[in-house]
Amino acid sequence: MNRNIAQFLDRNIETYGEYEQFIFLGANGPQRMTNTEIRRQAQALAAGLRQNGVERGDIVCTVVSNVPEIPEIINGINRCGAVYLPVVFLLTAAEIRYILEDSGSKVIITEAMLLPKIREAAEGVATVRKIIVIGGETGGDTMAYADLLKNADATRGQLVAVEADDVAILMYTSGTTGVPKGVMITHRGMETQMRNGVVYTGCEYGSVVMVVVPMNHILGVLTCLEGNSVGTITYMMQPFDPRKVLDAIRTYKVEFIPLVPTMIVYLTMVFDPKKDDLSSMKMFISAGGPLSVETQEQAMKLFNADIRISYGCTETAGTITRSHHELPIKLGSAGAPIASMSLLVVDDNGREVPRGAEGEVICKGPMVMAGYLNKPKETEDVLKDGWFYTGDVGRLDADGELYITGRKKDLIIKGGENIDPGVAEGLLYKHPAVMECAVVGMKDAKFGEEVAAAVTRKPGAEITEAELLAYLNQYLKAFMVPKRVFFFDTLPKTGLGKILKREIRRIIDETPGDRG
7 MNRNIAQFLD RNIETYGEYE QFIFLGANGP QRMTNTEIRR QAQALAAGLR QNGVERGDIV
67 CTVVSNVPEI PEIINGINRC GAVYLPVVFL LTAAEIRYIL EDSGSKVIIT EAMLLPKIRE
127 AAEGVATVRK IIVIGGETGG DTMAYADLLK NADATRGQLV AVEADDVAIL MYTSGTTGVP
187 KGVMITHRGM ETQMRNGVVY TGCEYGSVVM VVVPMNHILG VLTCLEGNSV GTITYMMQPF
247 DPRKVLDAIR TYKVEFIPLV PTMIVYLTMV FDPKKDDLSS MKMFISAGGP LSVETQEQAM
307 KLFNADIRIS YGCTETAGTI TRSHHELPIK LGSAGAPIAS MSLLVVDDNG REVPRGAEGE
367 VICKGPMVMA GYLNKPKETE DVLKDGWFYT GDVGRLDADG ELYITGRKKD LIIKGGENID
427 PGVAEGLLYK HPAVMECAVV GMKDAKFGEE VAAAVTRKPG AEITEAELLA YLNQYLKAFM
487 VPKRVFFFDT LPKTGLGKIL KREIRRIIDE TPGDRG
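Just remember that our numbering sits 6 ahead of the position in the sequence shown, which is counted from 1.
Structure follows, in structure tokens:
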């Protein structure tokens with residue numbers, strides 16, 4: 007039985023007929039494509055890749071921004087039996103080279119503005135045979151994307167049969183905790199996500215969805231693939247601009263939009279109740295990082311719309327739990343495990359803890375990755391008897407809904423005592439002058455680690471370090487109160503907007519000042 011997830015586009019056409027499925031909102035206005043046009047382009051891409059030596063199981067690396075070709079690229083690569091590898095286009099040439107070498111990528115698809123960096127990254131990489139350039143010209147070591155499709159032999163664009171456990175998507179982690187690792191997501195895993203995830207959002211045929219997250223992240227890829235499953239209409243923008251997003255929601259009557267917490271914060275900052283009509287919105291979906299309860303509550307009141315949390319990671323093909331659209335919203339809850347996913351909260355010995363107690367979140371199901379490419383040790387560290395150890399700390403309530411409270415590696419060990427940074431972070435987010443914050447451990451001669459806070463102020467807000475420390479001292483035990491507050495213009499983040507605590511610790515430890 008062919009388990010190629012590319013067939014979901016074919017089923018979309020068979021089920022719903024031809025309809026306008028994808029609209030790219032670019033600088034030159036909306037660029038519209040029907041589902042049949044996307045498939046025709048995907049078939050041509052699949053044929054062109056096969057003519058250039060790409061076979062089942064080969065890895066095709068894409069280094070592009072959010073471009074209108076995204077849906078056909080994903081489908082075309084999988085259609086020919088190859089593995090889709092999206093790479094963050096903002097990475098340096100050296101970082102991209104590491105991924106090319108580690109993955110053994112055979113072909114690179116990029117765009118003209120990125121070609122100099124891609125040539126530098128690919129130079130001397132033995133496995134790379136061809137660089138295909140959107141908006142580029144054919145010649146030398148490159149082939150124009152348009153020429154590849156135009157000259158493709160249509161007879162070679164048919165769907166290639168694959169097994170359920172074949173890798174469909176290879177996606178490298180951001181490297182926030184070390185060297186990036188290639189996460190192997192199978193066709194079975196993505197198929198299960200596509201079938202089960204949309205049940206929790208309530209998306210259906212004709213639902214209007216907007217994608218503003220980068221399409222080199224699992225959140226964006228999953229949103230587009232789920233659209234094939236249920237027949238949504240997808241609008242895509244680049245890059246994220248909160249003012250343009252709010253305008254687009256009003257203009258195109260958007261109903262669902264997945265966002266990372268930082269994006270929600272920026273939307274609240276520019277929202278204008280006199281001009282921004284969000285009455286079409288059925289759900290804002292927060293994913294890709296922790297959303298503070300304070301921000302969730304404030305944004306829901308401001309937007310008069312639901313904000314529901316989805317929790318997952320690349321290693322689980324995007325989702326572990328989701329807040330169900332038919333259930334009441336519990337502030338801070340990430341919902342219950344989606345169908346086919348088992349979840350436990352365990353102690354340091356792997357034993358399940360009682361409901362309400364905190365522990366590490368582990369999960370098991372067909373969506374869990376096959377492992378990290380070329381990294382058996384790292385795979386063994388997180389996959390144990392089929393259970394994936396997320397490294398996240400959380401608790402389950404009486405209804406089985408999950409609350410994420412922190413990361414195991416974020417715990418601050420001060421004088422041998424564990425301090426959860428989430429407690430101080432929650433208090434800081436309640437302060438009216440604080441826009442974003444992160445509490446981390448900094449080097450300390452006396453305690454080994456001391457508590458430090460990194461804060462960005464809301465526009466126009468005035469607050470001093472002494473005032474914030476006095477505020478925290480009202481609610482925290484003295485041992486848990488940060489020794490220092492460091493003010494940042496912006497907190498360092500990944501390309502998706504996840505706060506980089508490791509980078510904050512580095513900056514703080516290199517900042518002159520008393521550490522004793």
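Even for Gly, the Cβ is constructed at its ideal location relative to N, Cα and C. Predicted model only: the values in this text are computed from it and were never measured.
Going by beta carbon distance, what residues of the same chain come within less than 8 Å of L121, once the five residues before and after it are set aside? As a first step, residue 121 is located in the sequence shown; it is residue number 115 there, counting from the start. The residues are I137, V139, G142, T148.
Looking at the unbroken alpha helix (DSSP H) that takes in L474, where does it start and where does it end? For the purposes of this step, residue 474 is taken as the residue at position 468 of the sequence shown. Segment 471-479, the alpha helix (DSSP H) holding L474.
Helix, strand or coil, according to DSSP, for T322 in the structure here? Counting from one through the sequence shown, the residue named residue 322 turns up at place 316. In the structure shown, T322 sits in a helix (DSSP, three-state: H, G or I).
Beta-carbon contacts of M306 that lie in its chain and below 6 Å, excluding the five residues immediately before and after: On the sequence shown, residue 306 is found 300 positions in, with the first residue counted as 1. Excluding positions up to five away in sequence, the list reads I313.
Please classify F493: is it buried, with 16 or more other beta-carbons within 10 angstroms of its beta-carbon, or exposed? Along the sequence shown, read from residue 1 onward, the residue named residue 493 stands at position 487. Burial call: exposed.
Contacting residues, own chain, Cβ-Cβ under 6 Å from I419 (five flanking each side not counted): Taking the sequence shown and counting its residues from 1, one reaches residue 419 at position 413. Closer than 6 Å at Cβ, skipping near neighbours: E455.
Cβ shell of L402 (< 7 Å), same chain only, five flanking positions each side left out: Walking along the sequence shown from the start, residue 402 turns up at place 396. Closer than 7 Å at Cβ, skipping near neighbours: V351, R361, L408.
Considering only the alpha carbon of each residue, which of V491, V66, V185, P279 lies closest to Y104? Numbered from its first residue, the sequence shown carries residue 104 at position 98. Among V491, V66, V185, P279, the Cα nearest to that of Y104 is on V185.
What residue range does the alpha helix (DSSP H) around I291 cover? Within the sequence shown, the letter at position 285 stands for residue 291. Not the alpha helix (DSSP H): I291 falls in the beta strand (DSSP E), residues 289-292.
For N18, three-class secondary structure by DSSP: Position 12 of the sequence shown holds residue 18. Helix at N18.
My assumption, with CB atoms under 8 Å, is that E117 sits in contact with V173. Please give the rounded CB distance. Position 111 of the sequence shown, counted from the first residue, corresponds to residue 117. Position 167 of the sequence shown, counted from the first residue, corresponds to residue 173. Actually they are not in contact, since the Cβ atoms of E117 and V173 sit about 25 Å apart, beyond 8 Å.
For K414, name the three-state secondary structure that DSSP assigns. Residue numbering aside, residue 414 sits at position 408 when the sequence shown is read from its first letter. Correct three-state label for K414: helix.
Flag this pair as yes or no: are the beta carbons of I11 and Y90 separated by less than 7 Å? Locating residue 11 in the sequence shown gives position 5, where the first residue counts as 1. Locating residue 90 in the sequence shown gives position 84, where the first residue counts as 1. It is not a contact, given that the beta carbons lie outside the stated cut-off.
Assign C230 to one of three DSSP states: helix, strand, or coil. On the sequence shown, residue 230 is found 224 positions in, with the first residue counted as 1. Helix, per DSSP.
For M7, does the count of other Cβ atoms within 10 angstroms reach 16, so buried, or fall short, so exposed? Against the sequence shown, residue 7 aligns to sequence position 1. It is exposed - the Cβ of M7 has fewer than 16 other Cβ atoms within 10 Å.
Whose C-beta lies closer than 6 Å to the C-beta of F309 among residues of the same chain, with five residues either side of it excluded? Start at 1 with the first residue of the sequence shown, and residue 309 comes out as number 303. So the qualifying residues of the chain are L284.
Beta-carbon spacing of A323, N202 below 7 Å: Locating residue 323 in the sequence shown gives position 317, counting from the first residue. Locating residue 202 in the sequence shown gives position 196, counting from the first residue. Against a cut-off of 7 Å, the Cβ pair of N202 and A323 comes out as no contact.
How is the beta strand (DSSP E) around I44 delimited, first residue to last? For the purposes of this step, residue 44 is taken as residue 38 along the sequence shown, with counting starting at 1. Run containing I44: none in the beta strand (DSSP E); it sits in the alpha helix (DSSP H), 41-57.
So does the segment 214-225 actually touch the segment 241-256, counting three or more Cβ pairs closer than 8 Å? Three or more Cβ pairs drawn from the segment 214-225 and the segment 241-256 lie within less than 8 Å of each other, which places the two stretches in contact.
Over the uninterrupted alpha helix (DSSP H) stretch that includes Y206, give me the two end residues. In the sequence shown, the residue the question calls residue 206 occupies position 200. 193-207 is the span of the alpha helix (DSSP H), which, as asked, contains Y206.
What do you reckon, are the CB atoms on L497 and E442 nearer than 7 Å? Residue numbering aside, residue 497 sits at position 491 when the sequence shown is read from its first letter. Residue numbering aside, residue 442 sits at position 436 when the sequence shown is read from its first letter. Yes, these two residues count as a Cβ contact at 7 Å.
Could you tell me which uninterrupted beta strand (DSSP E) segments, each at least 3 residues in length, are contained entirely in the segment 368-449, listed from first to last along the chain? Entirely contained in the segment 368-449, the beta strand (DSSP E) runs reaching 3 residues are, in chain order, 393-402, 408-413, 418-420, 423-425.
When the Cα atoms are used, what is the spatial distance from K489 to S286? Counting from one through the sequence shown, the residue named residue 489 turns up at place 483. Counting from one through the sequence shown, the residue named residue 286 turns up at place 280. Going from the Cα of K489 to the Cα of S286 covers about 46 Å.
Straight-line CA distance for T182 to K123? Position 176 of the sequence shown, counted from the start, is the residue given in the question as residue 182. Position 117 of the sequence shown, counted from the start, is the residue given in the question as residue 123. With a pLDDT of 46 at T182, under the threshold of 50, the predicted position of this residue should be treated as unreliable, though the coordinate-derived value follows. Looking at the two C-alpha atoms, the distance is approximately 22 Å.
Exposed or buried, which one is R38 when buried takes at least 16 other CB atoms within 10 Å? Here residue 38 corresponds to residue number 32 of the sequence shown, with the count starting at 1. R38 should be labelled exposed.
Please report the distance separating the alpha-carbon of E526 from that of L475. An answer regarding residue 526 cannot be provided, because it is not within the stretch 7 to 522 covered by the chain.
Throw me the rounded Cβ distance for the R45 and I19 pair, which I believe falls under 8 Å. Position 39 of the sequence shown, counted from the first residue, corresponds to residue 45. Position 13 of the sequence shown, counted from the first residue, corresponds to residue 19. Contact flag correct, Cβ pair sits at about 6 Å.
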